[in-house]
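Those sequence lines, one after another, are chains A and B.
Going by my numbering, the letters in the first sequence line up with residues 240 to 409, in that order.
Going by my numbering, the letters in the second sequence line up with residues 240 to 409, in that order.
Positions of the beta carbon are idealized from the N, C-alpha and C atoms, including for glycine.
2 protein chains.
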Amino acid sequence: MSKDRAGARRPPVCEAFRFRPVGVVRSPYTNPKDLPPPVFAPPRFFSRVRGRIVVFDEFAPALDDLEGFSHIIVLFAFHRAKGFKLRTVPPGQSRLRGIFSTRSPHRPNPLGMSVLRLHGRSGSALDVSGLDMIDGTPVLDIKPYTPRDRKSRLRTGWLARRAHGPRPSR
Amino acid sequence: MSKDRAGARRPPVCEAFRFRPVGVVRSPYTNPKDLPPPVFAPPRFFSRVRGRIVVFDEFAPALDDLEGFSHIIVLFAFHRAKGFKLRTVPPGQSRLRGIFSTRSPHRPNPLGMSVLRLHGRSGSALDVSGLDMIDGTPVLDIKPYTPRDRKSRLRTGWLARRAHGPRPSR
């Protein structure tokens, strides 16, 4: 099969990757139903939601030097997701959308990504705001948010119509 | 052990997660040594690097509706990374930094995240620029980049001194 065909060959290196939690989210939300769907929430809704990212003691040294950053990227597992869909109807929408064009938890690999504001660190805990995960969410990775992660002149596809609220009725 | 202790208990739900590649990166870089360390590259260096994200045919329908977005988030595996460190000396630096304050591939879970510019889609392939991964990198997830992922008033810790280039000599 040629490289130029749209369908990719499976990479020969590895059939699957095994990731272990390095910590856990401590959030005021205990049930997924308590959260408004993050991409549809009012712009500053989550900035008030405070909590902690607590890493297991063995990983505490890996947090060194994070304090100087204003924002962190947290990769986590949607541990409550059961199975996945290729297309889904996002909350409040009426049309099916490809799952990779949504932030739905029901993805082929149930990986989540949130950018949080970092307020401080004590030992193995990071004090954060902007939380849109539930309490107990397994954390897989933490990265510093850098200027390269900040993009301008965004187009936001099917979300754009929704993000600006319902259309005015005529 | 109390929840308020800094050390978190391991979440009871799951000891490890197994993720399978959903596709692969097609990049002009074939060797990690060909890439400048992304966070240290000149601001527009990677924006010229073009390539493709090709998903396996079975996941092609999941790409529907992505075309309307200007940028995508790609989560991938650092498949060449062997083992991890809790602290590392970033390229060109002289001090050890906690691994979670860096974008090093040698992380407890070798997960990478890049924001790419999306130029178009044909079938199961996305035409992108901003690539900072090597050819053959296994893709684990693709998400739309939304206004919530765009943060302002960044502080960039130890990186700030480096990001502005070497200090003027006195």
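Extent of the continuous beta strand (DSSP E) to which Phe256(B) belongs: 256–258
At a CB-CB cut-off below 9 Å, which residues of chain E make contact with Leu314(A)? The structure shown contains no chain E; its protein chains are A and B.
Closer than 8 Å to chain B by CB, Arg287(A): no
Shortest alpha-carbon distance to Lys321(A) belongs to which of Gln332(A), Val328(A), Ser343(A), Asp304(A)? Ser343(A)
Can you tell me whether DSSP reads His403(A) as helix, strand or coil? Residue confidence is low: His403(A) scores 43 on pLDDT, short of 50, so the model does not pin down where it sits. Its coordinate-derived value is still stated next. Coil at His403(A), not helix or strand.
Sequence-distant residues of the same chain with beta carbon closer than 7 Å to Gly359(B), five excluded per side: Glu306, Asp366
Count the C-beta pairs between the region 349–357 of chain A and the region 266–276 of chain A that are closer than 8 Å, then say yes if the count reaches three, no if not. no
Can you confirm whether Pro279(B), when its beta carbon is compared against all beta carbons of chain A, has any partner nearer than 8 Å? Looking at the sequence provided, one finds Phe at residue 279(B) rather than Pro. It does not: the Cβ of Phe279(B) has no partner Cβ on chain A nearer than 8 Å.
Establish whether the CB of His310(A) and some CB of chain B are separated by less than 8 Å. yes
Are there 16 or more other CB atoms within 10 angstroms of the CB of Pro329(A), so buried, or fewer, so exposed? buried
For Leu398(A), which beta-bridge partners are listed by DSSP? Beta-bridge pairing links Leu398(A) to no other residue.
List, in chain order, every chain A residue whose beta-carbon is nearer than 9 Å to that of Thr269(B). Result: empty, since nearest Cβ-Cβ is about 12 Å, beyond 9 Å.
Would you kindly report the start and end of the unbroken beta strand (DSSP E) that includes Ala316(B)? 310–316
Residues of chain B with CB closer than 8 Å to the CB of Arg342(A), please, in chain order. Lys382, Pro383, Thr385
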